[in-house]
Every structure is written in C-alpha cells, then in structure tokens.
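Asker:
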Amino acid sequence: MEDEEQNHLDLNKRIENLRIELKKQQSSLNVTEYNKKRAIFEYLRRLSDNDGKGKIKASVEAAQVVFIENTQYKARIIRYWAKYWLQYNHLPISRQGKHQKTIRLIDDEDIAEECHIWIRSQGEQPLH
Numbered sequence: 028m029e030d031e032e033q034n035h036l037d038l039n040k041r042i043e044n045l046r047i048e049l050k051k052q053q054s055s056l057n058v059t060e061y062n063k064k065r066a067i068f069e070y071l072r073r074l075s076d077n078d079g080k081g082k083i084k085a086s087v088e089a090a091q092v093v094f095i096e097n098t099q100y101k102a103r104i105i106r107y108w109a110k111y112w113l114q115y116n117h118l119p120i121s122r123q124g125k126h127q128k129t130i131r132l133i134d135d136e137d138i139a140e141e142c143h144i145w146i147r148s149q150g151e152q153p154l155h
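Residues in the sequence shown are numbered from 28 upward in steps of one, following my numbering.
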C-alpha cells in the first residue's frame, strides 16, 4: 500500500513539474512539441484523479482537449508518449522525414559540371 501511495505522490510531482515546464517554455517550444507535452499533461492529470477513469478514457479525453482531430490513434499515441516520458523524462524522437532519400548523381554539382564539360568537349560530331 505504501508503494502505491509513493507512486501516486511521485506521479503528482511529475505532473506538477510538467505543468511548470509547459508554462515556462510555452513560447520557446515548437507547436508539435508543446501539443505533445500538453497531451501528456492532460492524460496524466486525468489518470491521477481518483474518479476511476481508465487509461483509454483518460487518453481519449486528453485527445479531445488538445487536438482538433480526435481519433483513436491520437489517444493511443498519447498513452505511448506518456509512458515514454515517464520512463525517460523526454519525448520520443520522431522518425518522421528521416527515411533514406533517393539521390541522383546528376544532382551532385561536381558530377553535373563534369558532364557539361564532357558534352562540350564532344563538339558537333556527325552521326554515323
């Protein structure tokens, strides 16, 4: 029973620290990061209330408060962000846009210049 009470106190302390962080960094965080942290805050605050809300209901309510598009995916991702944040004390790193890009040789300035030089060096040669 004491461990459960201690965990609840720790959670409340983490929630309060997050609230303070959101207020202090509101103007310095980008919109995406702010919304993620705000969603985590709303979710954890609802979880810590002793009104018997489950994780799913708390995350759905947090999604409704923070995001325009309220989907089950948003609620699920809020639970993931919160779990990650509680474990590592920072947001998970987004891999969006980090995939391998296709690079064409002709886009390389040096290769393009060498191609131009070679084409000019060929001059006008008659076709056989």
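C-beta: ideal position from N, C-alpha, C; glycine also.
#1: In the DSSP assignment, the alpha helix (DSSP H) including N62 goes from what residue to what residue?
#2: Roughly how many whole angstroms lie between the Cα atoms of E136 and R147?
#3: Please report how far the alpha carbon of H117 lies from the alpha carbon of Y111, in whole angstroms.
#4: Along the alpha helix (DSSP H) that carries K125, what are the first and last residues, could you check?
#5: Kindly indicate the opening and closing residues of the alpha helix (DSSP H) around E96.
#6: Can you tell me the Cα-Cα spacing of E48 and E140, whole angstroms?
#7: On the criterion of 16 or more Cβ atoms from any shown chain inside 10 Å, does I130 qualify as buried, or is it exposed?
#8: Along the alpha helix (DSSP H) that carries D137, what are the first and last residues, could you check?
#9: DSSP three-state label for R103, please.
#10: What does a CB cutoff of less than 7 Å around R46 pick up in its chain, not counting 5 residues either side in sequence?
#11: Where does I83 fall in DSSP's three states?
Answerer: Checking against the coordinates, here is how it stands:
#1: Residue 62 sits at position 35 when you count from the first residue of the sequence shown. 58-75 is the extent of the alpha helix (DSSP H) around N62.
#2: Taking the sequence shown and counting its residues from 1, the one referred to as residue 136 is at position 109. Taking the sequence shown and counting its residues from 1, the one referred to as residue 147 is at position 120. One C-alpha to the other measures close to 17 Å.
#3: Locating residue 117 in the sequence shown gives position 90, counting from the first residue. Locating residue 111 in the sequence shown gives position 84, counting from the first residue. Cα to Cα, the separation comes out at about 7 Å.
#4: Counted from its first residue, the sequence shown places residue 125 at position 98. Segment: none, K125 is in no alpha helix (DSSP H) and carries neither H nor E.
#5: Here residue 96 refers to the residue found at position 69 of the sequence shown. Segment: none, E96 is in no alpha helix (DSSP H) and carries neither H nor E.
#6: As a working note, residue 48 is residue 21 in the sequence shown. As a working note, residue 140 is residue 113 in the sequence shown. Answer to the nearest angstrom: the Cα atoms are 52 Å apart.
#7: As a working mapping, residue 130 is identified with position 103 in the sequence shown. Burial check for I130: the Cβ neighbour count within 10 Å stays below 16, so the residue is exposed.
#8: Within the sequence shown, residue 137 is the residue found at index 110, counting from 1. Here the alpha helix (DSSP H) through D137 covers 136-149.
#9: Reading the sequence shown from its first residue, position 76 is the one you call residue 103. Residue state, collapsed to three classes: helix.
#10: Here residue 46 is taken as the residue at index 19 of the sequence shown, counted from 1. So the list reads F68, once near-sequence residues are dropped.
#11: Within the sequence shown, residue 83 is the residue found at index 56, counting from 1. It is helical.
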